[in-house]
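Worksheet: the structure to be examined is printed underneath.
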Amino acid sequence: MEQTSTSTEKNLKHQSLVNIVFSWTLEDVLNQKLYKNQVQKIPLTFSSTKEYLNSFMLPLIEETHSDLCSGVEGISRAPFCEVMTIRRSDDFRPPKSLFYKMRVQKITEEVQNVGKYEPESGDIVAFTDVRPKGIHDLIRRKMQYQIAYICRSKDEFTDEIEVLSSKFLDMDSGFTRKINKTQKLYVVYLLNMTTNIRIWEVLTSGSNMNIIKKVLQPPEPNSNIEEVCQICFSGENKTQSPAQGLAQSIIRAQNLNDSQRDSVLSCVAMSKCYHNHNVKLIWGPPGTGKTKTVACLLYSLLRSKIRTLTCAPTNTAVLTVASRLHSLVKQPKFDTYGLGNIVLFGNKNRMKVDNFPGLEDVFLEYRVKDLLKCFMPLTGWKHHLELMIKLLNNPKEQYDSYRPELNHKKDLMSLEEFAEKSHSNVECAYSSYQRKVKSSNLLTFEQFVEKKFNGIVESYNLYVEDKKMSAAGMTMEQFVKQRFNYIGGKLKWFMKALYTHLPTSMISFTVVKLMFTALDFLKSLEIFLPNAKFKEDFQWCEDGKRLQSILSSLSRSIWLPKITSEYGISLFCIQEACLVFCTSSSSSKLATQEVAKMFRFVVIDEAAQLKECESAIPLQLPGLQHAVLIGDERQLPALVKSKISEKAEFGRSLFQRLVLLGKKRHMLNIQYRMHPSISKFPSEEFYDKQLDDATIVKLRSYNKQFLKGEMYGSYSFINISRGKEQSNHDHSWKNIAEVAAVTQIIESLRKEFLTRRKKVSIGIISPYNGQVHEIQKTLKQYISDTDPNFSVSVRSVDGFQGGEEDIIIISTVRSNGAGKIGFLSNRQRTNVALTRARYCLWILGNASTLMKREGVWKKLVLDAKERNCFHNAQEDEKLAQGIEKSLLDLELDYSLEEPFRKLSLWDNSNTPSRF
1 MEQTSTSTEK
11 NLKHQSLVNI
21 VFSWTLEDVL
31 NQKLYKNQVQ
41 KIPLTFSSTK
51 EYLNSFMLPL
61 IEETHSDLCS
71 GVEGISRAPF
81 CEVMTIRRSD
91 DFRPPKSLFY
101 KMRVQKITEE
111 VQNVGKYEPE
121 SGDIVAFTDV
131 RPKGIHDLIR
141 RKMQYQIAYI
151 CRSKDEFTDE
161 IEVLSSKFLD
171 MDSGFTRKIN
181 KTQKLYVVYL
191 LNMTTNIRIW
201 EVLTSGSNMN
211 IIKKVLQPPE
221 PNSNIEEVCQ
231 ICFSGENKTQ
241 SPAQGLAQSI
251 IRAQNLNDSQ
261 RDSVLSCVAM
271 SKCYHNHNVK
281 LIWGPPGTGK
291 TKTVACLLYS
301 LLRSKIRTLT
311 CAPTNTAVLT
321 VASRLHSLVK
331 QPKFDTYGLG
341 NIVLFGNKNR
351 MKVDNFPGLE
361 DVFLEYRVKD
371 LLKCFMPLTG
381 WKHHLELMIK
391 LLNNPKEQYD
401 SYRPELNHKK
411 DLMSLEEFAE
421 KSHSNVECAY
431 SSYQRKVKSS
441 NLLTFEQFVE
451 KKFNGIVESY
461 NLYVEDKKMS
471 AAGMTMEQFV
481 KQRFNYIGGK
491 LKWFMKALYT
501 HLPTSMISFT
511 VVKLMFTALD
521 FLKSLEIFLP
531 NAKFKEDFQW
541 CEDGKRLQSI
551 LSSLSRSIWL
561 PKITSEYGIS
571 LFCIQEACLV
581 FCTSSSSSKL
591 ATQEVAKMFR
601 FVVIDEAAQL
611 KECESAIPLQ
621 LPGLQHAVLI
631 GDERQLPALV
641 KSKISEKAEF
651 GRSLFQRLVL
661 LGKKRHMLNI
671 QYRMHPSISK
681 FPSEEFYDKQ
691 LDDATIVKLR
701 SYNKQFLKGE
711 MYGSYSFINI
721 SRGKEQSNHD
731 HSWKNIAEVA
741 AVTQIIESLR
751 KEFLTRRKKV
761 SIGIISPYNG
771 QVHEIQKTLK
781 QYISDTDPNF
791 SVSVRSVDGF
801 QGGEEDIIII
811 STVRSNGAGK
821 IGFLSNRQRT
831 NVALTRARYC
841 LWILGNASTL
851 MKREGVWKKL
861 VLDAKERNCF
871 HNAQEDEKLA
881 QGIEKSLLDL
891 ELDYSLEEPF
901 RKLSLWDNSN
911 TPSRF
């Protein structure tokens with residue numbers, strides 16, 4: 001089947017990705033060549049947007065197919081859970097819409113052995129009637145290969161999960177049943193399709209193609225001249241824009257170097273243009289201050305009120321940029337004012353926002369909860385403001401209203417009345433819930449409100465607390481002091497929440513200054529009140545009168561929207577924000593009519609790690625005019641599992657394709673991370689000698705000696721000639737001699753640390769997961785060490801991209817007479833591994849193996865020899881002894897296993913290798 005055939009395009013466009021997955025038999029799923037003759041290589045240029053979108057569809061299907069195949073092959077290790085009840089959904093419409101509702105066993109300590117899995121939206125799962133131990137459990141007589149798509153996660157009221165099944169569930173004659181002890185049903189996790197479905201949707205919709213049209217063809221000839229809009233470049237538009245002026249001041253304040261400054265100014269200059277659509281590339285090699293540059297660019301756009309979306313492939317990358325921007329925006333004098341213009345959204349559990357101090361101020365979920373408390377009409381900001389004004393204006397009236405002998409009113413509202421006054425849709429929502437849940441176990445109105453409108457319940461409790469407050473047994477002075485402290489504490493919290501979370505368009509700088517003045521008076525009065533003696537008519541001091549005047553002014557100055565639902569406040573926050581942060585995949589949530597305010601700019605960080613088809617999600621947002629892509633195509637690209645998709649260049653990024661087409665990049669050319677002896681080889685080998693060292697890394701203080709001996713200088717290649725590579729059970733590689741060497745080095749570093757007590761962070765990198773697991777197992781005690789001043793991290797090269805440590809130890813693993821080094825020869829992977837260290841980089845490997853083939857590793861070994869940075873492991877007595885002992889242990893293990901090897905049905909000479 002030809003990728004370009006019209007019939008195929010029409011067929012695919014009218015199918016959902018889930019339906020395509022459902023169409024595969026188990027034999028199809030396990031057939032790794034199913035799409036081999038259909039997936040074509042993605043071209044470098046495109047004749048139309050239609051060809052552009054269509055070229056990614058079959059590779060995306062193949063990648064999804066490969067993911068599913070991997071999930072099925074690993075089903076014995078897959079998480080699963082038991083189904084407790086299942087029934088047909090009201091939307092059940094055969095033969096295609098086979099919707100079911102199921103409840104699964106809740107995750108508790110007692111049932112952790114049952115899989116510890118709760119299905120989430122986007123998951124593809126398999127139904128089985130036994131706990132899965134292998135692929136054969138998917139083809140049992142009673143239940144032939146049956147999979148389902150999780151449409152929605154667990155319903156908060158019914159605990160039911162909605163699934164779309166690939167086939168009828170042949171359960172029994174009824175369609176609502178409870179699973180019994182003799183007949184079990186399980187769901188087994190295979191893969192999550194959320195991102196792939198979002199990509200599919202933009203490929204089949206093709207909504208806003210303005211930016212996409214700019215990247216179909218190579219740049220015009222002579223494109224070394226900066227691409228500019230001719231209208232904006234005309235005489236009357238050559239003046240510097242306000243945005244450029246603000247950017248200049250930020251650049252000076254942050255002390256950016258020339259390459260960083262030029263990159264920021266070039267991007268900001270686009271803000272003048274409303275006539276053209278531009279795509280800029282910023283090239284950020286390792287350690288060149290890419291995050292700082294991006295943060296300064298975003299701060300410039302924020303100060304100029306240019307609505308911008310910032311996204312990246314991973315949560316960590318998004319959080320890193322957001323954290324750096326947060327440090328620029330937060331003001332020393334006026335605290336968190338201005339952060340209301342910034343919103344970060346995503347899955348709280350996956351994002352781990354709490355690991356980034358300060359980001360709770362901009363994270364949507366936290367912001368919504370705080371603003372909900374402020375917006376509540378009966379217990380929020382306005383209510384407490386009025387209470388304080390009344391107390392300051394007429395304390396006796398307030399005292400009398402709380403004296404039970406004078407106050408005979410019984411006006412305490414029920415929760416139902418309170419909810420209706422707070423949120424007009426509560427009754428409607430409860431009626432809808434009653435219709436939906438046809439069960440005798442209906443929640444009461446109070447239970448429903450507590451679950452669905454938790455903010456209302458919290459507010460109601462505050463309301464009740466206030467109503468039940470009594471002045472019985474108190475003098476007026478005692479009451480006023482207690483009441484002032486209570487309301488004052490609430491007002492302080494509300495003020496902080498409002499100036500932090502409201503956009504500056506709704507709370508001016510003048511109003512915030514007034515708030516800070518009010519806070520000063522509140523603190524002053526808190527000090528004054530305990531010792532104050534009031535006259536009979538209770539006259540406040542001058543500070544009390546001034547506070548009353550300020551609060552009255554604030555009451556007139558701040559308008560709050562009448563929104564009291566979490567969903568409504570979420571929309572409000574995103575609508576009013578100037579900068580929005582999320583992953584590239586999650587940006588699909590912004591392409592809705594409800595999010596009416598359009599983005600002018602999109603900034604994609606780590607763009608070279610993003611599949612081009614995934615970058616199409618943010619690039620198709622309505623109204624988008626300009627895009628800035630930041631990355632380094634000479635480091636690792638996006639991960640692609642399918643060999644067929646990989647061959648089709650499915651993992652290639654838009655950033656890389658534009659570079660291949662000759663598009664101009666703004667290079668950040670000063671590196672601030674690596675000691676010059678570490679940066680020398682990567683600069684020459686990967687960056688055409690364009691990467692220069694910053695002054696800070698050239699200082700004498702950057703020379704750090706963590707262990708004695710030339711072998712442990714800033715840069716060295718340590719030759720372990722007697723190492724032996726082995727293939728483990730996952731067909732990945734490990735080398736016990738190098739594990740022993742790493743262990744000995746870590747033990748020596750630990751002893752030095754205990755003597756000197758100088759903080760050190762160590763990263764151990766290997767290209768092979770087998771070696772990573774072996775080192776992690778051996779160094780378990782050091783990795784789990786809770787001392788924050790001595791940290792050890794062991795990861796694969798892919799896992800270390802974007803990271804850095806004081807010391808990096810690389811274990812290359814491969815040791816054979818044929819010079820086979822597999823995917824170790826990948827230049828991008830090598831570049832990442834060699835550029836993670838700050839002060840010391842020690843590379844362990846078999847020099848003879850690495851030099852047998854032409855390539856980057858032969859160059860590296862020769863370079864180390866030429867620079868006198870090449871050392872044999874035998875030069876260090878302890879290192880040599882550790883390696884020798886590991887080899888003796890290996891020989892002993894091998895001799896003990898030999899009789900059993902002869903009995904094995906597996907021919908070890910033909911052990912398959914993944915790499």
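In UniProt numbering, the protein residues as written are 1 to 915. Every residue, glycine too, gets a C-beta built ideally from N, C-alpha and C. Note that this is a predicted model, so its numbers are computed, not measured.
Residue range K348 to M351 is occupied by the alpha helix (DSSP H) that includes M351.
Excluding its 5 nearest sequence neighbours in each direction, D159 has C-beta neighbours in its own chain below 6 Å: R103, listed in chain order.
Linking M57 to F650 through their CA atoms gives a straight-line distance of about 10 Å.
Less than 8 Å divides the Cβ of H871 from the Cβ of M711. Inclusion of Q260 and G289 in the CB contact set at 8 Å is warranted, their separation being smaller than that value.
Closest in alpha carbon position to S886, among E752, G803, A648 and E738, is E738. Membership of H326 in the alpha helix (DSSP H) is indicated by the continuous run N315 to V329.
Taking a 10 Å sphere around the C-beta of W559, we find fewer than 16 other C-beta atoms and assign the residue as exposed. With a threshold of 16 other beta carbon atoms within 10 Å, G338 meets it and is buried. The criterion of a C-beta distance shorter than 8 Å is satisfied by P132 and I75. Annotation for A627: the continuous beta strand (DSSP E) segment containing it runs H626 to G631. I783 is not a Cβ neighbour of I762, given a cutoff of 8 Å. Taking a contact as a CB-CB distance under 8 Å, the pair R324 and K352 does not count as one, their CB atoms being some 17 Å apart. Selection A741, S791 and C573 evaluated against R757 yields S791 as nearest (Cα-Cα). Taking the Cα positions, E416 is about 55 Å away from L654.
Note on R700: under 16 other CB atoms within 10 angstroms of its CB, so exposed under the neighbour-count rule. According to the DSSP assignment, M84 belongs to the beta strand (DSSP E) that extends over F80 to R88. For S266, the three-state secondary structure derived from DSSP is helix. Counting only runs that start and end inside the region 724-785, the beta strand (DSSP E) elements of at least 3 residues fall at 725-727, 733-735 and 760-766. Burial check for R838: the Cβ neighbour count within 10 Å reaches 16 or more, so the residue is buried. If you look at W493, you'll find it in the alpha helix (DSSP H) that goes M476 to H501. According to DSSP, K280 shares a beta bridge with V628. Setting aside the 5 residues that flank it on each side, S166 is surrounded in the same chain by F22, Q146, I147 and A148, each with a C-beta closer than 7 Å to its C-beta; the list follows chain order. Buried is the label assigned to V202, since at least 16 other Cβ atoms lie within 10 Å of its Cβ. In the three-state scheme derived from DSSP, where H, G and I count as helix and E and B as strand, L661 is classed as coil. Distances from the alpha-carbon of K184 to those of K664, S716, E82 and A497 put E82 closest. Burial check for T755: the Cβ neighbour count within 10 Å stays below 16, so the residue is exposed. Annotation: the continuous alpha helix (DSSP H) that includes V832 extends over R827 to L834. Boundaries of the beta strand (DSSP E) around K101: F99 to V104. Short of 6 Å from the beta carbon of C151, and not among the five residues preceding or following it, lie these beta carbons of its own chain, in chain order: E162 and L164. Judged by pairs of C-beta atoms under 8 Å, the region 627-637 touches the region 601-616, as three or more such pairs exist. With contacts defined as CB atoms closer than 8 Å, T849 and R814 qualify as a contacting pair. At a Cβ-Cβ threshold of 8 Å, G488 and L462 do not count as neighbours. In this structure Y567 is exposed. Its beta-carbon is surrounded by fewer than 16 other beta-carbon atoms within 10 angstroms.
DSSP, read as helix, strand or coil, puts T204 in helix. R367 sits buried, since 16 or more C-beta atoms from the chains shown fall within 10 Å of its C-beta.
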